[in-house]
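Novice: Just so you know, the numbering used here puts the end of the sequence shown at 241, numbered straight through with nothing missing. In this text, a Cβ means the ideal position worked out from N, Cα and C, and glycines have one as well. Given the structure is predicted, the values throughout are model-derived calculations rather than measurements.
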Amino acid sequence: MLTLPYFVEEEKSCAYLPDRASRTLYEYAPHLTPVEYEARMNAGWRKFGPMMFRPECPSCRECRPIRIPIESFRLNRSQMRCIRHNEDLTVKYAAPTADTQRIELYNRYQAAQETHRGWEEAGKTLQEYRSIFLNNPIPMGEVSVWDGDALLAVALADITPNAISGVYHYHDPDSRARGLGTFVMLHCLELALRLKKPYAYFGYYVRDCPSLVYKANFRPCEIWDEETRSWRELT
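(1) What residues in its chain sit with their C-beta under 7 Å from that of Pro167, if we drop five residues either side in the sequence?
(2) Could you say which of Val97, Asp178, Asn82 lies nearest to Gln107 if we only look at CA atoms?
(3) Short check: CB of Arg29 to CB of Cys63, under 8 Å?
(4) Would you mind listing the alpha helix (DSSP H) stretches within the segment 19 to 85 that are 4+ residues and don't spill past its ends, in chain order?
(5) Excluding five sequence neighbours on each side, which residues of the same chain lie with their C-beta closer than 8 Å to the C-beta of Arg238?
(6) Would you call Phe139 buried or exposed, if buried means 16 or more other Cβ atoms sit within 10 Å of its Cβ?
(7) Tyr135 and Ala104: beta carbons closer than 8 Å?
(8) Taking Ile74 and Phe208 to be in contact with their CB atoms under 8 Å, please state how far apart those CB atoms are, rounded to whole angstroms.
(9) Apart from the five residues on each side of it in sequence, which residues of its chain come closer than 7 Å, Cβ to Cβ, to Ala151?
(10) Taking the alpha carbon of Leu218 as the reference point, which residue from Gly172, Glu196, Leu197 has its own alpha carbon closest?
(11) If you follow the alpha helix (DSSP H) that Thr188 is in, where does it begin and where does it stop?
(12) Going by DSSP, what residues sit across from Thr166 in a beta bridge?
(13) Please check the pair Arg200 and Tyr99, which I expect to be a contact at CB under 8 Å, by giving their CB distance rounded to whole angstroms.
(14) On the criterion of 16 or more Cβ atoms from any shown chain inside 10 Å, does Phe1 qualify as buried, or is it exposed?
(15) Can you tell me the Cα-Cα spacing of Ile119 and Lys221, whole angstroms?
(16) Between the Cα of Ile165 and the Cα atoms of Leu132, Lys130, Lys202, Gly129, which residue gives the shortest distance?
(17) Exposed or buried, which one is Glu242 when buried takes at least 16 other CB atoms within 10 Å?
(18) Do Met57 and Arg46 have their beta-carbon atoms positioned less than 8 Å apart in this structure?
(19) If we call anything under 8 Å between Cβ atoms a contact, is Asn142 one with Lys130?
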């Protein structure tokens, strides 16, 4: 694996837990292989495109990688209702793409999260979307959800030998009652099943962050324990 020298960003207020300081370690890996990335994921790393990163916070270890064992995953009642509620929608599995529909939906979702969740402004141009999400040394899959010709949700995932790894998902903020975030993530698990991958990685779990706590609803799930350097079931 060829990587450019890593760098550590300056300490700043945490986007997940604003009362704490955060610091992130970055590496640029334009020739990363799926095998190499899976090993990095199992050491706490994530990535966007060719840029890998890992939290290196001075006094906090709350960002913990989380994964779902596909074979043992079981739907809870809320997830069953979500599937029934969205039976009228069409789900497509394909290679990722960038177009006007996707960037418009992405930017509407980001604007809504800025209002409701206090996220930092993160709108993208079509070129920026391609650069961040599609300029990728790792094979990718896309789950998209449609109501006729209207795009309602998208999830992007890296594909490694034993897993799919969720990169990002976004959905129509005007259809909150449908539970589209849960719906599209359930279909990421379906993508892992179709590709015969034993795990789906869902990025970082932060127990006290409202934007990330939903990940623990996919049970059973495992988190990476930095002290023991192993995966353990989240209880």
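Specialist: This is what the structure holds:
(1) Position 161 of the sequence shown holds residue 167. Same-chain partners within the cutoff: Pro40, Val41, Glu44.
(2) Position 101 of the sequence shown, counted from the start, is the residue given in the question as residue 107. The shortest C-alpha separation from Gln107 is found at Asp178.
(3) Position 23 of the sequence shown, counted from the first residue, corresponds to residue 29. Position 57 of the sequence shown, counted from the first residue, corresponds to residue 63. In contact: Arg29 and Cys63 (Cβ atoms closer than 8 Å).
(4) 40 to 47
(5) As a working mapping, residue 238 is identified with position 232 in the sequence shown. Excluding positions up to five away in sequence, the list reads Glu228, Ile229, Asp231.
(6) What you label residue 139 is simply residue 133 of the sequence shown in a count that begins at 1. Classification of Phe139: buried, given that the 10 Å Cβ count is 16 or more.
(7) Stepping through the sequence shown from its first residue, residue 135 is reached at position 129. Stepping through the sequence shown from its first residue, residue 104 is reached at position 98. Yes. Within cutoff.
(8) Residue mapping note: residue 74 aligns to position 68 of the sequence shown, counting from 1. Residue mapping note: residue 208 aligns to position 202 of the sequence shown, counting from 1. 7 Å between Cβ atoms; contact.
(9) One-based indexing of the sequence shown puts residue 151 at position 145. The sequence given here places Val at residue 151; Ala does not occur at that position. Excluding residues within five positions, the ones whose Cβ falls inside 7 Å are Leu95, Val97, Leu158, Ala159, Leu186, Phe189, Val190.
(10) Here residue 218 is taken as the residue at index 212 of the sequence shown, counted from 1. Looking at the Cα atoms, Gly172 is the closest of the given residues.
(11) Here residue 188 is taken as the residue at index 182 of the sequence shown, counted from 1. Looking at the DSSP string, the run of the alpha helix (DSSP H) that includes Thr188 is 186 to 200.
(12) Translated into the one-based positions of the sequence shown, residue 166 becomes position 160. Looking at the DSSP assignment, Thr166 forms a beta bridge with Ala169.
(13) The residue labelled residue 200 in the question sits at position 194 within the sequence shown. The residue labelled residue 99 in the question sits at position 93 within the sequence shown. The Cβ separation is near 7 Å, so the contact holds.
(14) For residue 1 there is no data in the structure shown, the boundaries of the chain being 7 and 241.
(15) For this step, residue 119 is matched to residue 113 along the sequence shown. For this step, residue 221 is matched to residue 215 along the sequence shown. Sequence inspection shows Gln at residue 119; the Ile mentioned does not correspond to that position. The alpha-carbon atoms of Gln119 and Lys221 are separated by roughly 17 Å.
(16) Numbered from its first residue, the sequence shown carries residue 165 at position 159. Minimum Cα distance to Ile165 is reached at Lys202.
(17) With the chain covering 7 to 241 only, the question about residue 242 has no answer from this structure.
(18) The residue labelled residue 46 in the question sits at position 40 within the sequence shown. The residue labelled residue 57 in the question sits at position 51 within the sequence shown. No.
(19) The residue given as residue 142 occupies position 136 in the sequence shown. The residue given as residue 130 occupies position 124 in the sequence shown. Contact flag unset, no.
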